[in-house]
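Chemist:
Numbering (the UniProt record's numbering), first residue to last: 1 to 140.
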C-alpha cells in the first residue's frame with residue numbers, strides 16, 4: 001500500500017525532495033516485493049535473517065510490536081521461506097532462520113530492488129561521498 005508522498009505543505013524544497021525520495025523508494029520496494037508475491041513487511045523481515053534471530057530482537061530492530069513480527073513470520077513459514085525453532089538458551093523464545101528457499105527469494109529480491117543502486121549510480125564518486133555525509137548529518 002503506497003502512502004501519500006508527504007504532508008500537504010513542506011517547509012523547504014529539501015524537505016519536499018526528501019518526501020519524494022521516500023515515496024519513490026517505498027513504491028520501488030513494494031513493487032520488488034510484489035514481483036515475488038511478498039508484502040513489503042515480509043521482504044523486510046526476510047532480508048534481516050542473514051543469521052538466526054530471535055523474534056523479540058527482530059521486533060526491536062523493526063520498531064514494531066512482537067505480535068506483528070509473529071504474524072509476518074507465520075506467513076513466511078507457511079510459504080516455506082523461514083523456520084522457527086526453540087532458542088537453546090530460552091526454550092520459551094523462538095529463533096527464526098531462512099530456509100534455502102528463503103535464501104533464494106531474498107537473493108531475488110535484492111536483485112529486483114534496484115532503486116538505491118540506480119539512484120546512487122547516477123552520482124559521481126565525489127557526489128556519493130557528499131550525499132553520504134549529508135544524510136549522516138541529517139540522521140543525527
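Yeah, the Cβ is synthetic: ideal placement off N, Cα and C, and Gly gets one too.
(1) Buried or exposed, going by whether 16 or more other CB atoms sit within 10 Å of the CB of residue 102?
(2) Would you give the residue range spanned by the beta strand (DSSP E) that residue 100 belongs to?
(3) Output needed for residue 51: all residues of its chain with C-beta closer than 8 angstroms, excluding positions within five of it in sequence on either side, in chain order.
(4) Just checking, does the stretch 109 to 117 make contact with the stretch 130 to 139 on the three C-beta pairs under 8 angstroms criterion?
(5) Measuring CA to CA, which of 81, 115, 95 and 25 is closest to residue 46?
(6) Leaving aside the five residues before and after residue 116 along the sequence, list all residues of the same chain whose C-beta is less than 8 angstroms from its C-beta, in chain order.
(7) Would you report the Cα separation of residue 94 and residue 78, rounded to the nearest angstrom?
(8) Identify which residue in 59, 60, 104 and 54 has its Cα closest to the Cα of residue 85.
(9) Mind pulling the beta strand (DSSP E) runs of 3 or more residues that sit fully within the UniProt domain "HTH marR-type" (11 to 140)?
(10) Just to confirm my understanding: we take residue 9, look at its own chain, exclude 5 residues before and 5 after, and list those with CB closer than 8 angstroms. What are they?
(11) Using a Cβ-Cβ cutoff of less than 7 angstroms, which residues in the same chain neighbour residue 92 once the five nearest sequence positions on both sides are dropped?
(12) Considering only their Cβ atoms, is the gap separating residue 38 from residue 48 smaller than 8 angstroms?
Modeler: Quick look at the numbers:
(1) Residue 102 sits at position 102 when you count from the first residue of the chain shown. Classification of residue 102: buried, given that the 10 Å Cβ count is 16 or more.
(2) Numbered from its first residue, the chain shown carries residue 100 at position 100. From DSSP, residue 100 is part of no beta strand (DSSP E) but of the alpha helix (DSSP H) over 100 to 112.
(3) For the purposes of this step, residue 51 is taken as the residue at position 51 of the chain shown. Result list for residue 51: 97, in chain order.
(4) no
(5) As a working note, residue 46 is residue 46 in the chain shown. Answer by Cα proximity: 81.
(6) Sequence index remark: in the chain shown, residue 116 carries index 116 (1-based). The residues are 25.
(7) The residue given as residue 94 occupies position 94 in the chain shown. The residue given as residue 78 occupies position 78 in the chain shown. One C-alpha to the other measures close to 16 angstroms.
(8) As a working mapping, residue 85 is identified with position 85 in the chain shown. Of 59, 60, 104 and 54, the residue nearest in Cα terms is 54.
(9) 82 to 87 and 90 to 98
(10) For the purposes of this step, residue 9 is taken as residue 9 along the chain shown, with counting starting at 1. Cβ within range, chain order: n/a, list empty.
(11) As a position in the chain shown, residue 92 is number 92, starting the count at 1. Answer for residue 92: no residue qualifies.
(12) Here the question's residue 48 lines up with position 48 in the chain shown. Here the question's residue 38 lines up with position 38 in the chain shown. No, Cβ-Cβ distance for residue 48 and residue 38 is not below 8 angstroms.
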